[in-house]
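*Asks:* Pasting a structure below so you can have a look.
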Amino acid sequence: MSANELPVTDGAAAQPLRKSIHGDGPGGADHAGEGVWGRAWRTLRKNPVAIAGFVIVAAFVLVAIFAPLLAPYGPNELPGRAEVRPTMIPGPSSDYLLGLDRYGGDVLSKLIWGARASLLVGVLSTLFGLAGGMALGLLAGWFGKWVDFGAMRLVDLMLSVPSLLLAVSIAAIAGQSSMSVIVAIGVVQIPIFARLLRGSMLAQRGQDYVLAASALGLSRRSVTMSHVLPNSVGPVIVQATLTLATAVIEAAALSFLGLGGGEPSTAEWGRMLTAAQQELAVAPRLAILPGICIAVTALGFTLVGESLREALDPRNRTRR
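Each step along the sequence shown adds one to the number in full-length UniProt numbering, with nothing skipped, and position 54 is 54.
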């Protein structure tokens with residue numbers, strides 16, 4: 001091949017790579033320069049299920065962020081302590097819209113502050129699991145061979161233990177605190193993200209744009225980090241959205257078991273459920289209200305995640 005032919009050959013070989021980078025290949029645009037994320041967003045805006053999920057999640061996040069402004073009382077305040085009797089817990093009133101709990105705390109304030117606690121634990125634990133899972137999955141998908149074998153056997157070992165049992169074990173060993181709950185839930189999520197990213201990277205390695213990049217002489221590191229990895233993170237991001245719902249439920253479960261630390265009167269949804277066990281016959285609302293908050297929040301993240309997964313599914317492109 002002569003020197004004059006190099007630019008032509010190079011351009012032809014690079015065409016699949018350019019398509020991938022600018023959005024015409026895997027993970028890119030299907031038409032008119034529109035990227036896959038742009039198309040997904042356009043689809044989500046027309047999906048009533050996705051809109052409902054976004055509304056729930058947005059309300060949850062706003063309540064958590066502006067808890068100091070929305071809550072009538074602080075997270076540790078017990079304004080109605082003098083009004084609580086051994087056989088009677090005051091219900092809703094003009095002073096306490098959702099009534100009091102056994103300790104004299106304002107239920108509405110505790111629900112609002114509980115949203116902040118759940119958001120903090122859910123987001124941090126998911127980020128922890130996402131970082132660890134992507135690191136493990138990247139190593140497996142990049143090096144392959146014995147590194148891939150060892151990483152996947154570790155993942156299989158972690159997945160062989162029920163997630164909640166593993167989280168309880170880790171939290172019990174780490175101690176009763178919010179940080180131990182975050183670490184426990186994050187560790188449980190690592191194998192999920194690792195296996196998903198590794199499988200996505202293996203699928204991308206056989207694509208034409210990867211072969212074109214290799215033919216152009218790009219290093220393995222450059223191909224992996226600049227092209228394979230960016231086109232493989234879509235399913236991982238979707239899974240992270242779905243995992244947020246699981247993280248909120250598991251955080252409440254660990255707090256319900258007493259592994260979240262804090263006092264019995266702590267403003268946290270799982271701890272509120274624990275405290276309400278003895279009051280079901282007297283004031284069932286003390287268990288129903290935090291239970292509804294947990295269920296609705298998890299539902300919101302699930303609706304968003306499922307809608308995003310459907311919007312990014314290549315099999316649905318021809319249907320729109």
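Note that the Cβ used here is the ideal one computed from N, Cα and C, for glycine as well.
#1: Mapping DSSP to helix, strand and coil, what is residue 156?
#2: Check for me: the alpha helix (DSSP H) holding residue 208 runs from which residue to which?
#3: Let me check one thing: in DSSP terms, what residues is residue 106 bridge-paired to?
#4: Expressed to the nearest angstrom, what Euclidean distance is found between the alpha-carbon atoms of residue 230 and residue 243?
#5: Exposed or buried, residue 101, counting other C-beta atoms within 10 Å across all chains shown (16 or more means buried)?
#6: Within the same chain, show all residues whose beta-carbon is closer than 8 Å to that of residue 238, passing over the 5 residues directly before and after it, in chain order.
#7: Work out the CA separation of residue 208 and residue 29 for me, nearest whole Å.
#8: Quick one: grab the DSSP three-state call for residue 205.
#9: Let me know the secondary structure DSSP gives residue 25 once reduced to three states.
#10: When you compare each of 204, 84, 66 to residue 227 by their alpha carbons, which one comes out closest?
#11: Check for me: the alpha helix (DSSP H) holding residue 48 runs from which residue to which?
#12: Can you give me the C-alpha to C-alpha distance between residue 297 and residue 60, rounded to a whole angstrom?
#13: So with Cβ pairs under 8 Å, would you call residue 179 a contact of chain B?
#14: Under the three-state reduction of DSSP, which class applies to residue 306: helix, strand or coil?
#15: In whole angstroms, what is the alpha-carbon distance linking residue 104 and residue 290?
#16: For residue 179 and residue 213, I'd like the C-alpha separation in whole angstroms.
#17: Thinking C-alpha only, which one of 252, 275, 81 is nearest residue 167?
#18: Are at least three pairs of beta-carbons, each pair with one atom in the stretch 133-152 and one in the stretch 190-201, less than 8 Å apart?
#19: Quick one: Cα of residue 150 to Cα of residue 269, how far?
#20: Look at the alpha carbon of residue 26 and the alpha carbon of residue 234, and state the distance between them as a whole number of angstroms.
#21: Taking the CB atoms as reference points, tell me whether residue 254 and residue 184 lie closer together than 8 Å.
#22: Taking the alpha carbon of residue 187 as the reference point, which residue from 99, 201, 158 has its own alpha carbon closest?
#23: Output yes or no for whether 8 Å exceeds the beta carbon distance between residue 68 and residue 106.
#24: Would you kindly report the start and end of the unbroken alpha helix (DSSP H) that includes residue 239?
#25: Taking the straight line between their C-alpha atoms, what separation do you get for residue 169 and residue 218?
#26: Have a look at residue 77 and residue 96 and give me their C-alpha separation to the nearest angstrom.
#27: Around the Cβ of residue 280, are there at least 16 other Cβ atoms within 10 angstroms (buried) or fewer (exposed)?
#28: By the 10 Å Cβ neighbour count, where 16 or more other Cβ atoms means buried, how is residue 294 classified, buried or exposed?
#29: Looking only at its chain, what residues have a beta carbon closer than 8 Å to the beta carbon of residue 55, apart from the 5 residues adjacent to it on each side?
*Replies:* In short, the structure shows the following:
#1: helix
#2: 208-215
#3: 100
#4: 20 Å
#5: buried
#6: 305, 308, 309, 312
#7: The pLDDT assigned to residue 29 is 42, lower than 50, so where the model puts this residue is not dependable; a value taken from the coordinates is nonetheless given after this. Between residue 29 and residue 208, the C-alpha separation is close to 16 Å.
#8: coil
#9: With a pLDDT of 45 at residue 25, under the threshold of 50, the modelled position of this residue cannot be trusted, and the question is left open.
#10: 204
#11: 48-65
#12: 7 Å
#13: Given the protein chain composition of this structure (a single chain), no chain B is represented.
#14: helix
#15: 16 Å
#16: 43 Å
#17: 252
#18: yes
#19: 39 Å
#20: Bear in mind that a pLDDT of 44 at residue 26, under 50, signals an unreliable position, so the number given afterwards is only what the model happens to contain. For residue 26 and residue 234, the distance between alpha carbons rounds to 11 Å.
#21: yes
#22: 158
#23: no
#24: 234-256
#25: 45 Å
#26: 13 Å
#27: exposed
#28: buried
#29: 300
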